[in-house]
Amino acid sequence: MNATDLARVIESVSKDRSIKREIIISALEQAVLTAAQKKYGPHAILEAHFNNDSGEIDLFLFKKVVESEPEMLEESEEIDIKDAALLDPEAQLGDEIGVKVETPDFGRIDAQTAKQVIFQKVRDAEREIIFNEYIHRKGEIITGIARRVERGNLIIDLGRT
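Set out below in structure tokens:
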């Protein structure tokens, strides 16, 4: 999926589900972080940010700035002060600096996990919207149509009452 497709999907889901764009972007960022954490390991400090200009999710791996020989560096956790200065001229020894890394290619299992993370965040957002829509009507009697039983819960269509 290219960047423009991703931006279109975000807009489409946002409109279809009446969910704020930021919530969908947050879900996508979380999905990318989940997949990246598997690639880089549980101790890696990672951040994902949606880039509005490019329409892509940028992934950053935070490394500690050290003064060391290149062969002595722990690649996934440390960066030499000279290399860090190229990224951030104000970098000092001991700082944590974010290095942009490639977003991992999703394997089948990673894609499935990412999909579950996204769907869960969207469901949570929908649930919160519905809750906020009806919380002020607590204690009122309203009519609805019983639609189905789902995992022990009765799903009732309240329409727009």
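Residue numbering for the sequence shown follows this note's numbering, starting at 39 and increasing by one per position.
A virtual CB, placed ideally from N, CA and C, is assigned to each residue, including glycine.
Endpoints, alpha helix (DSSP H) assigned at residue i
| i | result |
| --- | --- |
| Lys-58 | Per DSSP, Lys-58 belongs to no alpha helix (DSSP H) and is neither H nor E. |
| Asp-121 | 119-125 |
| Asp-143 | Segment: none, Asp-143 is in no alpha helix (DSSP H) and carries neither H nor E. |
Exposure of residue i, with buried meaning 16 or more beta-carbon neighbours within 10 Å
| i | result |
| --- | --- |
| Ala-184 | exposed |
| Ile-135 | buried |
| Lys-101 | buried |
| Ile-179 | exposed |
| Val-103 | buried |
| Leu-99 | buried |
| Leu-97 | buried |
| Ile-194 | exposed |
Per DSSP, the bridge partner or partners of residue i
| i | result |
| --- | --- |
| His-87 | Asp-96 |
| Asn-191 | Glu-188 |
| Lys-101 | Ile-135 |
| Glu-116 | Lys-102 |
First and last residue of the uninterrupted beta strand (DSSP E) at residue i
| i | result |
| --- | --- |
| Arg-186 | 183-188 |
| Lys-138 | 134-139 |
CB contact check: residue i to chain D, cutoff 8 Å
| i | result |
| --- | --- |
| Asp-96 | Within the model displayed, chain D is absent; a lone protein chain is all it includes. |
Discussion item. Contact between the stretch 141-155 and the stretch 59-74 is defined here as three or more beta-carbon pairs at a separation below 8 Å; is this criterion met?
Written reply: Yes: the two stretches touch, three or more of their Cβ pairs being nearer than 8 Å.
Worksheet item: For the stretch 78-98 against the stretch 59-68, are there 3 or more C-beta pairs whose distance is under 8 Å?
Response: Yes, the stretch 78-98 touches the stretch 59-68.
Item to complete: Evaluate contact between the stretch 154-163 and the stretch 120-139, counting only Cβ atoms and requiring at least three cross-stretch pairs below 8 Å.
Response: With a cut-off of 8 Å, the stretch 120-139 and the stretch 154-163 do not count as touching, because too few Cβ pairs lie within range.
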